Amino acid sequence: MNLRVRVSMSMILLPIMSLLVAAPARAAAPGDVVSAQPTTVYLLPGQLLEVPVNAWHLRYNSTSATGALNTVSGTLLVPKAGYPLGARPVIGYAFGTHGLGDQCAPSVSMSRGGEAELALVSLFLLKGYAVAMTDYEGLGTPGTHTYMAGISQGHAVLDAIRAATRVPGAGLSARAPVGVMGYSQGGASAAWAAQLQPTYAPELRLRGVAAGGVPADLHAVAQHLDGTPDFGLAAAAGIGLDAAYPELDLEADLNDQGRALLADAADDCVDDLSKLAGLRFSDLSPIDLLNQPKWLTRLAENRLGATTPRVPLFLYHARGDQIIPFAVGSTLRTEYCAAGARVRWLSLPAPDHVTGAIEGGPVAIEWLALRILGLPASSNC
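For the sequence shown, the residue numbers in mature numbering (1 follows the signal peptide of the UniProt record, and there is no 0) are -27 to -1, 1 to 354.
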């Protein structure tokens, strides 16, 4: 190569190389995949009856209740057969309460077998949809699970969908139609996803959200659970909100019994929380915890209904729900309707909370499938 050619090449390459050196690496963002490891999920304990899908255990970036970048785990399931109607739809499925310890995470229960909600998830898989399922912040990843911190949970659901479309080999499109569904804790998470999506994840093509047994007003639910057999759920929510908002400093406001009981419960799964049955907040603290200004502020911040979702909603609630009062769910429906949301409301004859999930789940899935197909949603506000 002669001198003139070498000089010309250097004049071309040097500016390009300087741009490459100067270009900063893209900062980590919500929905980025941190890791995606192939896994297997089972319907029955003892790793029996393998679900015939392509599956990944995910770690992905999301956003905490206070706006900090965090890492959350979850599971992605994709049917092995192709999807004939265009881009395969992606469902963000939000699980109900599993507990506080990492061993309780849905990803763990699915990999071992015995995850009850796989029965509903399977109905989506049979339609050919991919299903992205979050474990939520701190459940399966370092730190305390921010149980019932709705803003964090809504972020985790939306970012699981984002991450699903970025998993190499999953064959999912960022332009795919999207739906969200959940019950109980998952119902709150789904409703929060609906409220947050327009500003937090506007690129997602969200078609509809189905949310059942929604604990929309945590203050009202906590008052209802005080002294009941299900008080452990209220105590777990206290632990979760304290983890999400450090200024609450729950431990400082507890008595010795309260500190011991909540420390013992901090890694329990949902069935173990029955050890707190019948207790009251007054047994755990010398002060009125629920009506402290710092708690009132954060509980109000995590109360659903202040923002109107832009997508159609399917809300369902059991009339006999002993954990989340029927009035809490119907109030959310009233507030959404008054704000102009498109709501389909179903009042279930179910005598308790769990039966409400069983009765309402298949109906919610069929409603959501129609939204995925692009059919208009009617309202019964």
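Here a beta-carbon is modelled for each residue, glycine too, at the ideal position from N, C-alpha and C.
Quantities reported herein were computed from a predicted structural model and do not represent experimental measurements.
Item, Value
"Once the 5 residues before and after residue 428 are set aside, which same chain residues still bring their CB inside 6 Å of it?", "The shown model of the chain, from -27 to 354, leaves out residue 428, and the question about it has no answer."
"Please report how far the alpha carbon of G86 lies from the alpha carbon of D240, in whole angstroms.", "20 Å"
"Which runs of the alpha helix (DSSP H) spanning at least 4 residues fall entirely within the segment 124 to 206, listed in chain order?", "158 to 173 and 191 to 198"
"Do the segment 31 to 48 and the segment 174 to 189 make contact, defined as three or more Cβ pairs closer than 8 Å?", "no"
"For the beta strand (DSSP E) that P11 lies in, which residues bound it at each end?", "V6 to P11"
"Please determine, among Y109, S157 and L98, the residue with the shortest C-alpha to C-alpha distance to V14.", "L98"
"G200 and G251: beta carbons closer than 8 Å?", "yes"
"What's the C-alpha gap between A167 and L341?", "13 Å"
"Assign A(-5) to one of three DSSP states: helix, strand, or coil.", "Residue confidence for A(-5) is low, a pLDDT of 48 falling below 50, so the modelled location carries little weight; the figure read from the coordinates is stated next. Looking at A(-5) - three-state DSSP - the assignment turns out to be coil, as it is neither helix nor strand."
"Given residue 356, which residues of its chain have a CB within under 6 Å of its CB, disregarding the five upstream and five downstream residues?", "The shown model of the chain, from -27 to 354, leaves out residue 356, and the question about it has no answer."
"Who pairs with S320 in a beta bridge, going by DSSP?", "H290"
"Determine whether the beta carbon atoms of F287 and A183 lie at a separation below 8 Å.", "yes"
"By the 10 Å Cβ neighbour count, where 16 or more other Cβ atoms means buried, how is E90 classified, buried or exposed?", "buried"
"Could you tell me the distance, in whole angstroms, from the CA atom of S351 to the CA atom of W318?", "10 Å"
"When the Cα of T114 is compared with those of V7, R(-2) and L234, which residue comes out closest?", "V7"
"What is the DSSP secondary structure of P349, counted as helix, strand or coil?", "coil"
"The beta strand (DSSP E) that contains S35, what's its start and end?", "V26 to T36"
"Return the residue from the list L235, Y289, G347 and L223 that minimises the CA-CA distance to K267.", "L223"
"Are A161 and Q126 closer than 8 Å when you measure CB to CB?", "yes"
"Buried or exposed, going by whether 16 or more other CB atoms sit within 10 Å of the CB of D325?", "exposed"
"Have a look at P150 and I64 and give me their C-alpha separation to the nearest angstrom.", "9 Å"
"In angstroms with no decimal places, state the Cα-to-Cα distance between Y120 and G211.", "8 Å"
"How long is the line joining the alpha carbons of C77 and C242, rounded to whole angstroms?", "5 Å"
"Do A54 and N34 count as a contact pair if the criterion is CB distance below 8 Å?", "no"
"Which residues does DSSP pair with P52 in a beta bridge?", "V26"
"So what's S46 in DSSP terms, helix, strand or just coil?", "strand"
"Could you check how far apart the C-beta atoms of residue 390 and M154 are, in whole angstroms? I think they sit under 8 Å.", "The requested residue 390 does not occur in the structure, where the chain is confined to residues -27 to 354."
"Please list the segments of the alpha helix (DSSP H) lying wholly inside the segment 62 to 95, counting only runs of 4 or more residues, in order along the chain.", "79 to 85"
"On the DSSP bridge list, what partners appear for M106?", "T48 and Y66"
"Roughly how many angstroms lie between the CA atoms of A330 and L22, to the nearest whole one?", "23 Å"
"Helix or strand or just coil, what does DSSP make of Y309?", "helix"
"So, using beta-carbon positions, are A314 and P349 closer together than 8 Å?", "no"
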